[in-house]
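Working notes, beginning with the structure itself.
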Amino acid sequence: MSLLVIEDIHKSFGGNKVLRGVSFSVEKGEILGIVGPNGSGKTTLINILSGVIKPDGGVVVFKGKDITGWRAYRRAKLGIGRTYQITRLFTNLTAFENVMIPLHYGAGEKTSVRRIEEILETVGLSHKIHSYASDLSLAQRKRLELARALALRPELLLLDEVFAGLNPVAVQEIVSLIGKLREELGITVVIVEHVLKALSQLADRVLVLAEGKVIFSGKYEDMVRDKEVIKAYLGERYGETA
Amino acid sequence: MAKLNWLVLGTILLLYALPPLLSGYWERVLSSVFMLTSLTYAQNVLLGYTGYPAFGAIAFFGLGGYTTAVLMIKVGIPFGISLILGGMVSGLVALLIAPPLMRLKSHYFAITTLALQIALAELSANIEITGGAYGINLPIYKGFLGTTIFYYLFLSVLLLSFLTNLFIERSKFGYALKAIREDEVAAESSGVNTVLFKSVSFGIMALITGLVGGVYAYWITYIDPESMFDLLLSVKMFVALLFGGVGTVAGPFIGAFSLELVSELVWSEFIEFHGVVLGAIIVLVILLLPGGILKSRG
Amino acid sequence: MRNLLLFLTLLIGFSFSAEVLKLGAAVSFTGKYAKEGDLLKKGYELWKDTVNAKGGIKVGDKTYKVEIIYYDDQSNPNRAAKLVEKLITEDKVKFILGPYGSSQVFAAAGAVEKYDALMVQGGGAASKIYKQGYKKVFGVFNVAPDYGKNLIELATSFKNPAPKTVAIIYEKTIFAEDAAKGALEEAKKKGLKVVLFESYPKGVQDLSSLMIKVKSKKPDIVIGAGHFKDSVLVIKQLKQFKINPKFVGLTVGPPIPSFVKELGKDAEYIFGPVQWSRAFKYKDPLFGSTEGYIKAFKEKYGEEPEYHAAGGTAAAMSLQYALEKAGSLKVEEVRKALLSMKLETFYGIIGFDETGKIVTKKMAVIQIQNGKPRTVYPFQEVKPVYPKPEWK
Amino acid sequence: MEVLPQLIIESLLLGGFYSFMAIGFSLIWGVLGILNLAYGSYIILGAYLGLILFRYAGLDPILSIPVSLFAGFLFGVLVQKLIFNRAMKLEPFMVLIMSFGLDVLISNALNLVFKADVRSITVSYGGDSFIVGDVIIAKVKLLVFVLSLLLALLLYLFLSRTWTGRAIRAVALDREGATLVGIDPAKIFLITAGIGTAVSFSSGNLYGILQGFTPFDGGLLTVKVFLISILGGLGRIESALAGGFLLAFIEVISSFYLGEGWKLFVALVVMVAVLIFKPRGLLGSKYYGET
């Protein structure tokens, strides 16, 4: 059974149809990359999966449960963690507190200092445990957000443009971190990305969204040769930024 | 910072021993100070820790006061029980309306609570049970301790509201509220049931505010829509909070005490001008001290 | 050193002040009652200056100069209570001159009753004041229901043609509702048909809907119970809607000079009850007579007194003569003197019942004629004009 | 007497004034993102200005409208420069409270100067009424109605036909976008604050003709312009018109059928419902700053 199945998801804002019938499934332990030109509905899709917004139609099934109508906090408790394109940390709280909140309210674990240190260690931030989130660098903030998602003990991790704005070294560090998470914790990852190069190293499979529809699903190598995909990107001004 | 909190607690406890040394006037002045401080603490739960400014929080002051008075006068329930019921009614009403109301943020939320306050004032002026524009007269309290009892009641509500703030500052519950304040979407995806927690926070604010209103009603002996839903009280509470420091445990105490005491001492000197002075103080506090004397992070 | 000097000065001041009797008043100088508060203060001040000019108040074998400590209650009952408490416990004042407004009177009464103190007030007319069991609160205003009652009494005394229907509209405030109910009761008693009895909120800015209702009922009498601002509005809109009753009476407004200033010709023939009128013909122990009072007031302030100020003076005077009669500064003695008082003053006969309410004084009704409020009832300065001519 | 036509006429007459009165508030809110609780006091300031010109310069209140427009513009720019500019980076509700402080300051200052007496601008032609069939139309209301709509039309033309007007609308719709096409928002803020305040001052003129006023009348007026802005939505003249007529209609109908005392209550309940269920106002225009 697939870990996550979504079927025929529709969403429009005002009169603007952002998603029109998106379906796919994600297997346990898989790393799925989702790419597409600007405005293709990638972030909307992540928001629907994590429960930040509700779809107009369609079904989301996670671990065999229909969670379409669930609010985000219940999905978090069930094991869906996420990050945001622009980090949404609790900026006036410390790294420790940022991790403690999901650990307590999401995973329902005892929030011992050791456990929080451990989680911060995983993302390489244990030396910043008492720093305020607002004092961290962009790369550190992205790591902290990852740590906050990990504190939920997620089975599924949704990453929204986690590499945006990072320098190549930092990108490489996070790439290996994600790989490590899958290897060691068996976490399934859905990753929406502009930086295609990073995806080529990580993703088992890539989905391409264009104008609210899935136009390609398959291996990264096949994607870059796919005619539909090339048309979708070249037809767009913004094109490939990798 | 923590030291300051204990200092405040110590001061509150010391104030329990003060009445024998006070004249009636100073007892009344301090009672007013406690009243404002409690209201400020109640608002701090909501604005300081949860990030929602209930500009019309005095709606619950009136609701609590009227409930207490109606239960006492029209139903004949003793004051103590009426007071607690008054606080609970305020809290429950707040809990019920919070989920739709708290979909609004920042000044939209602020102004909608204000609309609620004015609407309640209008309602109580129009219906029979609240005495309409006649208001309600309560008997002058002549029992145990005389009117000094109100000093202790206000002080106790202050203690309660202080302890609530201290608890929120340090507990897991408080972290749920702070997470909402910092980023509601992120709080939700960290597993915090934001609707529940912000409603509870709104409810706590209303409960304390309602209790203060109930004590006020019996203390002042006469209530009418205007005095129970006084906009100026809302504003004073916000100025005290902003002045002292939003989202800190000691801030509301420092803010409300300095504002009320200074105004008491200074304003009798400015009979004609104090309205202008008050207006200027509000503008200046916000322009010059937007973070308050005690700054919480950020 | 400077402090010591200051202390000594205070001490010396204090020893001289043995001759001074301090009274206290928390009155509104700001907020919505600033106007009335100012008038009240004028009444108190005139009394103080007159008494002091005559040597002071004689209590027993001592004569005291009078001093009044004022605070601004900002039209806020909580402040009124606090300030009265301050007057009593900090400034050591035993005798309080009342604030303006019934809410403030209630709040102040709470503080007065608590201590060994006494208040005489000329600022609250709500009948509820006398139903609270206060022991040490006296008032020189006829209660609000009398306002409405007097208007209806006058209206129903006209026979040519006799009015049959009445519409009563009132502002939702404690005073106005009280007055409207007084009119309602009297109207029922006199067999009038009440075609409309409806309220409007305080601070109302437009009464069109209500006027449409009034117009559709075609009443012979229109009674408006409210305060100054809405009274002006009522007249303006009666005219705009061409509503022409035979008798228009307003509880507040007509006697106040700015009523005519605001309305000009449209103020003509409107009736209004007054606590006190310049047409009263009474003797007075302090000012000689009503006329003497008016003269003294004009000299001091350059304007005619109206009843708010007169009420203030009368309240202070009743306290003064109670003190003199009691020959003591003991609150209990002064209270007894007030209860047994029957004093003719410029303001009318002053005497109180057990609840502290004035019961011996008459109200009057005035009518605006040629831009002046003229007393038509019960003293007849001029003949009343009835029925009221149509709007021009 | 058939009352419905009369009620409708009353709503229209009142609605015209309400609409114009609210335009300034709505504009300031929509463009600057400032909810100015002192707006009602601005109106009263305008009324006193009209009164002074009437009493001491003998200027008819209609003729003094240009003066109050000009004075309002200056006052608005000044207050924006001295006070609001310094506060615009703060949380919106902080600015809200500050503007309340300004309201307290202005109303008390007016009280110091003019005392709490009720004043009004009584024009000689103000008292009479026309009768059309069963319907009575007060001349003064008709006059205020016509002037209100005329001024609103002028403002509409300004906003849609001039470069500055278009720049104002551009800033209201998208502050960053406007900056990209070379508009200086700071300048637009000043101009908008000026225009908004000019509207408040001149509606104060009209208010003074309609009825008596005291220094403390501003609060209720602020509540009204706020109600209008919420009901109609923000940032466009049409919204203020829709909101103004709607509020007048709600007030007139509810006060006739439920009683005068209920009209504010009904209006507030409708407003809270609109805020919660249709937060973009009934016309659906955009609130600046909403995500």
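Chains as they are written, first to last, in my numbering: chain A, 78 to 319; chain B, 17 to 314; chain C, 110 to 501; chain D, 10 to 300.
Heads up, the beta-carbon is just placed ideally off N, CA and C, and yes, glycines get one too.
For R119(B), the nearest beta carbon of chain D is closer than 9 Å to its own beta carbon.
With a threshold of 16 other beta carbon atoms within 10 Å, Q489(C) falls short and is exposed. Fewer than three beta-carbon pairs drawn from the stretch 177 to 192 of chain B and the stretch 148 to 165 of chain A are found closer than 8 Å, and the two stretches are therefore not classed as touching.
L101(B) is not a Cβ neighbour of I113(B), given a cutoff of 9 Å. Listed along chain C, the residues sitting closer than 8 Å to S129(D) by beta-carbon distance are V341, E371. In the three-state scheme derived from DSSP, where H, G and I count as helix and E and B as strand, M280(D) is classed as helix.
Nearest CB-CB separation between L316(C) and chain D: below the 9 Å threshold. Contact between A405(C) and G152(C) is absent: CB atoms are separated by about 11 Å, not below the 8 Å threshold. K201(C) and G80(B) have their C-alpha atoms some 35 Å from each other.
About 6 Å separates the CB atoms of L372(C) and I344(C); that is less than 8 Å, so the two are in contact. Cβ-Cβ distances below 7 Å link K191(C) to nothing in the same chain once the five nearest sequence neighbours on each side are left out. Contact annotation for P186(C) against chain B: I236, Y238, S243 [CB-CB distance below 7 Å, chain order]. With distances taken between CA atoms, V149(D) lies nearest to I130(D) out of I130(D), V190(D), L166(D), K233(D). If you look at N93(A), you'll find it in the beta strand (DSSP E) that goes 93 to 103.
Against Y309(C), the close residues of chain D are E269, G270, in the order they occur along the chain (beta-carbon pairs closer than 7 Å). For the stretch 324 to 337 of chain C, residues whose beta-carbon sits nearer than 7 Å to a beta-carbon of chain D comprise K324, S325, F337. In this chain, the alpha helix (DSSP H) harbouring E294(C) covers 283 to 298. In the three-state reduction of the DSSP assignment, Y279(C) falls in the strand class, which pools E and B. For F109(D), the CB contacts under 6 Å within the same chain, skipping 5 residues up- and downstream, are L46 in chain order. For D226(D), the nearest CB of chain C lies under 9 Å from its own CB, placing it at the interface with that chain. The beta-carbon separation of L229(A) and P179(A), rounded to 5 Å, stays under the 8 Å limit for a contact. With three or more CB-CB distances shorter than 8 Å, the stretch 343 to 362 of chain C counts as touching the stretch 252 to 271 of chain C. Against chain B, a Cβ distance below 8 Å from V40(D) picks out nothing, because the smallest value is about 15 Å.
The residues I403, in chain order, have a CB closer than 6 Å to that of R387(C) in the same chain once the five nearest residues on each side in sequence are set aside. Under the 8 Å Cβ criterion, the stretch 266 to 283 of chain B counts as touching the stretch 54 to 72 of chain B, having at least three qualifying pairs. DSSP places G110(A) in the uninterrupted beta strand (DSSP E) bounded by 108 to 112. For K481(C), there is no enclosing alpha helix (DSSP H); the residue is part of the beta strand (DSSP E) that begins and ends at 481 to 486. Boundaries of the beta strand (DSSP E) harbouring Q230(C): 227 to 230, taken from the DSSP string. Between V228(B) and S54(B), the beta carbon gap of about 5 Å places them in contact (Cβ cut-off 8 Å). N153(B) sits in a strand when the DSSP states are folded into three classes. L130(C) is bridged by DSSP to V175(C).
Not one beta carbon of chain B lies nearer than 9 Å to the beta carbon of L162(D). In this structure, DSSP gives V246(A) a helical state, which the three-state scheme calls helix. Annotated as distal: I246(D) and V283(D), with beta-carbon spacing of 9 Å or more.
Cβ-Cβ distances below 7 Å link L62(D) to L68, S73, V76 in the same chain, with the five nearest sequence neighbours on each side left out; the list follows chain order. Following the DSSP letters along the chain, one finds R128(D) in no alpha helix (DSSP H), marked with neither H nor E.
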